[in-house]
Amino acid sequence: MECWIICHGLSSFLAFTWDYTEQNITVVWKSGEIVRLAVPSNSLTNPQNLKQSLDKSLNEGSEALSEKMRGCQIEYTNILKETRSKAKEEYKKLKELVQSSKEVSTNVTTEKHVIIPEGEIPKLRSETEIYNDMVKAEIDKLPIETRKIIELTRESGFEPWITAYRKPKFACDFEFHSHKNRFSLFIDKKYIEQIEISEQLAYILGFDSQVLKESCVAKFMPDMRGGVSCFHVYAPGLIEPMIIGDITAPVLRIVTIRGKQDEIIEEQFLSIQYHKLLVKEISEILIEIRTTSGSLMPFQYGTCTLTLHFKKSTYF
Numbered sequence: 000m001e002c003w004i005i006c007h008g009l010s011s012f013l014a015f016t017w018d019y020t021e022q023n024i025t026v027v028w029k030s031g032e033i034v035r036l037a038v039p040s041n042s043l044t045n046p047q048n049l050k051q052s053l054d055k056s057l058n059e060g061s062e063a064l065s066e067k068m069r070g071c072q073i074e075y076t077n078i079l080k081e082t083r084s085k086a087k088e089e090y091k092k093l094k095e096l097v098q099s100s101k102e103v104s105t106n107v108t109t110e111k112h113v114i115i116p117e118g119e120i121p122k123l124r125s126e127t128e129i130y131n132d133m134v135k136a137e138i139d140k141l142p143i144e145t146r147k148i149i150e151l152t153r154e155s156g157f158e159p160w161i162t163a164y165r166k167p168k169f170a171c172d173f174e175f176h177s178h179k180n181r182f183s184l185f186i187d188k189k190y191i192e193q194i195e196i197s198e199q200l201a202y203i204l205g206f207d208s209q210v211l212k213e214s215c216v217a218k219f220m221p222d223m224r225g226g227v228s229c230f231h232v233y234a235p236g237l238i239e240p241m242i243i244g245d246i247t248a249p250v251l252r253i254v255t256i257r258g259k260q261d262e263i264i265e266e267q268f269l270s271i272q273y274h275k276l277l278v279k280e281i282s283e284i285l286i287e288i289r290t291t292s293g294s295l296m297p298f299q300y301g302t303c304t305l306t307l308h309f310k311k312s313t314y315f
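Just so you know, the sequence shown maps onto residues 0 to 315 in numbering that gives the first Met the number 0.
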């Protein structure tokens, strides 16, 4: 005799417990450095809390990068100081050499002038010219990474970069505009190459792209549920597949997600929807909870209880 099964009830210890801990923002700096900043899951409750969490993450910064920049600043300052002293000495020697060459060319020996060809008389260069050439030569000896940093800081100096590394919020900042119900992102192109947002977080914020290279306003309203409004309860190998859209799948129930984070949710299904079993003997039951896209629901914590009801088929 055939048997049928129905999903009678489903209770979840915690609602909205899918894993948001992997959400992050990646800051790609003009210097080539890459910093990944995590966005805690407990902030994904409303736009205001998310905005505060984004600010906190961006304010964490990277002390390692700022110390690295400070080290480059000290090294570069020492190079300039030493080169300045060397340039003065070089200029002094060159000036004396040029002067002595001119004096030799006007001395009279053996009743005639000793003339030094013009090309053999050293050209007197300014101290600034000598200094610039020596600085360039010293910089060319440095590693490529250090040379790139020096080039980036040539106009702005090191201090703004150190501040930006310690507090990335000064170079990139998220804002929530309540009157528009939209998030926006500010990017300072002097320091930031691009901002990369994890796929789920980009969806939550309303951005249609994960890679942002310029200041912009999100195209869509924020969705604090991250596009997850329901989940599917699968029983593979236990029930016959049913039609879901344009495919067939062994789905027991489609459950609408409701409630707030950490709220206890209980769902009872009063409408009868029995499914035909594929087996006559059951030693174990495998249940999968998946999203609409078919991926496993990555619960962070909590328990879920599923109540099933079996009955004999009335059809032979």
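Beta carbons: idealized from backbone N, C-alpha and C, even for Gly.
- For Met241, the secondary structure class from DSSP, reduced to helix, strand or coil, is strand.
- The residue among Trp160, Thr291 and Asn23 with its C-alpha nearest the C-alpha of Gly31 is Trp160.
- Val216 and Ser177 have their alpha carbons spaced roughly 13 Å apart.
- For Val250, the closest alpha carbon among the candidates Arg153, Ser228 and Arg289 is that of Arg289.
- The beta carbon of Thr313 lies closer than 7 Å to none in the same chain, with the five residues before and after it left out.
- Per DSSP, the continuous beta strand (DSSP E) segment holding Thr304 begins and ends at Cys303 to Lys311.
- Comparing alpha-carbon positions, the option among Tyr202, Phe182, Tyr164 and Lys179 lying closest to Ile33 turns out to be Tyr164.
- Between Lys168 and Glu126, the gap from beta carbon to beta carbon reaches 9 Å or more.
- Of the candidates Leu36, Lys122 and Ile286, the residue whose Cα lies closest to the Cα of Phe230 is Ile286.
- Between Gly60 and Leu307, the alpha-carbon positions lie close to 50 Å from each other.
- Here Ile246 is exposed: its Cβ has fewer than 16 other Cβ atoms, across all protein chains shown, within 10 Å.
- Taking a C-beta distance under 9 Å as the contact criterion, Arg257 and Ile263 do not qualify as a contact pair.
- As the crow flies, the alpha-carbon of Arg35 is around 9 Å from that of Val27.
- A distance below 9 Å separates the beta carbons of Arg124 and Tyr90.
- Here Lys166 has Asn58 and Gly60 as same chain residues with Cβ atoms under 7 Å from its own Cβ, once five neighbours each way along the sequence are excluded.
- For Thr162, same chain residues with a beta-carbon under 7 Å away, outside a window of 5 residues either side, are Phe169 in chain order.
- Counting along the chain, Thr255 sits inside the beta strand (DSSP E) bounded by residues Val250 to Thr255.
- Assigned with DSSP and collapsed to three states, Ser155 falls in helix.
- Leaving aside the five residues that flank Asn180 on each side, the residues in its chain whose CB is nearer than 6 Å to its CB run, in chain order, Met220.
- Comparing C-alpha distances from Ile284 to each of Val232, Glu154 and Phe268 shows the shortest one belongs to Val232.
- By the neighbour-count definition (other C-beta atoms within 10 Å, threshold 16), Tyr300 is an exposed residue.
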